[in-house]
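Student: Note that the numbering used here has the sequence shown beginning at -3, numbered continuously upward. The C-beta atom is built at its ideal place from N, Cα and C for all residues, glycine as well.
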Amino acid sequence: MRAAVVTSFGGPEAVEIGEVALPEPGARQVRIRVTAAAVNPVDAGVRAGVFGGAGKRLGLGWDVAGVVDAVGVASGWNVGDEVVALAYGTAKDLGTHADQVVVDADAVAVAPRSVDAAHAASLPLNALTAAQALDRLALEPGQSLLVTGAAGAVGGYAVQLASRLGVRVIGLAREDDEEFVRSLGAERFVSDGVAPGSVDAVLDAAILGADALEWVRDGGVFLGVIPGAQPESVRGVRTGAVEVAADGARLAELVALVDEGVLTTRVAGTYALDEAVKAHARLAEGGLRGRLVLVP
Ligand SMILES: NC(=O)c1ccc[n+]([C@@H]2O[C@H](COP(=O)([O-])OP(=O)(O)OC[C@H]3O[C@@H](n4cnc5c(N)ncnc54)[C@H](OP(=O)(O)O)[C@@H]3O)[C@@H](O)[C@H]2O)c1
């Protein structure tokens, strides 16, 4: 089968499409025939060597929508099930940018019925990150949350999920994104920040760092998206960073929200797996609204 891998770090051209052995699922694992697999910023990071792993073959791709085509012992899934999943890991030797991928059975959920595979594939990584970030923030209805990068994947899902919980969401994004961010449920839109100390919490999906920390009230919470890169705590503000974890049960809840129309997925374009280099180059250009998705 084909897979997109990196064997030496670099720009988009470092992505190789190679023939690799078909992986077999072990106990409590399934193999998925990939229908669609989103390209995320983390894939660009792996490709560029941000997470290390020099000298190894690194598989690309975390998000997948597809059909179960082989099951290990006690997987709980059946061949033919239409699913979505998160293939966690910056140092895995094969990822979802491939014809087939093996994932842990408990990272899998039944696919949404209301969207196509490309949209479904844009869900797992970023919706799980947003949901797990909100768990960490543990805000009460009526408290305020400023989400930076609110028009992006993590930020957009966070705006939708937090608004639904009754949190008062301020979305920070580029000026052109105001209408979109408001459509996600943000009570307020800003493009250049808020008064110092004026919000209960910040989820910093645009990685503004210390600037965004200033907006949090004394004793509030700042949550970044790059573990270890969050600013030092000041004024009693707790600082931390979310690190996504695979969670099929939680993913199933997010799938249900897609089917209920609560969560909206966004796809900017699709590429064949053989065109993965082009997809990486387009991601590197920036300015995308929605995910690029590989369709083998
Ligand atoms: N820790 C984890 O487990 C985890 C999980 C998922 C993602 N992440 C990380 O989270 C980050 C966001 O991911 P994503 O997929 O949501 O990226 P994305 O879709 O590209 O969204 C980022 C958004 O932030 C905007 N932005 C950047 N700088 C801004 C600024 N100064 N003012 C206003 N808007 C600004 C971008 O706009 P422009 O396009 O115009 O710049 C874009 O709309 C990435 O670094 C990703 O690697 C971490």
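Applying the 10 Å Cβ sphere with the 16-neighbour rule, what's the burial state of L18?
Tutor: Per the 10 Å Cβ criterion, exposed.
Student: DSSP on D173, reduced to helix/strand/coil?
Tutor: Helix.
Student: Measuring alpha carbon to alpha carbon, tell me which of V177, G22, R53, P227 ends up nearest V16.
Tutor: Answer by Cα proximity: R53.
Student: Count the other CB atoms within 10 Å of the CB of T235; is the residue buried (16 or more) or exposed (fewer)?
Tutor: With 16 or more Cβ atoms within 10 Å of its Cβ, T235 is classed as buried.
Student: Near G41, what residues of its chain come up, given a Cβ to Cβ distance below 8 Å and the 5 sequence neighbours on each side ignored?
Tutor: F47, T86.
Student: Between the Cα of R27 and the Cα atoms of A280, S194, R213, V98, which residue gives the shortest distance?
Tutor: Measuring from the Cα of R27, the nearest candidate turns out to be V98.
Student: Please confirm if the region 19 to 38 is in contact with the region 127 to 135, defined as three or more CB-CB distances below 8 Å between the two stretches.
Tutor: Touching, no, given that fewer than three Cβ pairs across the two stretches are closer than 8 Å.
Student: Tell me where the alpha helix (DSSP H) around L121 begins and ends.
Tutor: It spans 120 to 133 - the alpha helix (DSSP H) in which L121 sits, taken as one unbroken run.
Student: So the alpha helix (DSSP H) D255 belongs to, where does it begin and stop?
Tutor: Note, D255: alpha helix (DSSP H), 244 to 255.
Student: Per DSSP, what are the beta-bridge partners of Y84 in this structure?
Tutor: Bridge partners of Y84: none, in fact.
Student: Please state if the CB of D255 and the CB of S110 are separated by a distance shorter than 8 Å.
Tutor: Yes.
Student: When the cut-off is 8 Å and only beta carbons count, does T144 lie next to chain C?
Tutor: Looking at the structure shown, chain C is missing, and only one protein chain is on hand.
Student: State the beta-bridge partners of G62 as determined by DSSP.
Tutor: Paired residue(s): V30, V79.
Student: For the beta strand (DSSP E) that R287 lies in, which residues bound it at each end?
Tutor: Residues 287 to 290.
Student: Please tell me whether A105 and V251 are closer than 8 Å, where the distance is taken between their beta carbons.
Tutor: Contact: yes.
Student: Please name the residue, chosen from A169, A101, D59, that lies closest to D65 on a Cα-to-Cα basis.
Tutor: The option with the nearest alpha carbon to D65 is A101.
Student: Shortest alpha-carbon distance to G57 belongs to which of G232, P120, G205, S140?
Tutor: The shortest C-alpha separation from G57 is found at P120.
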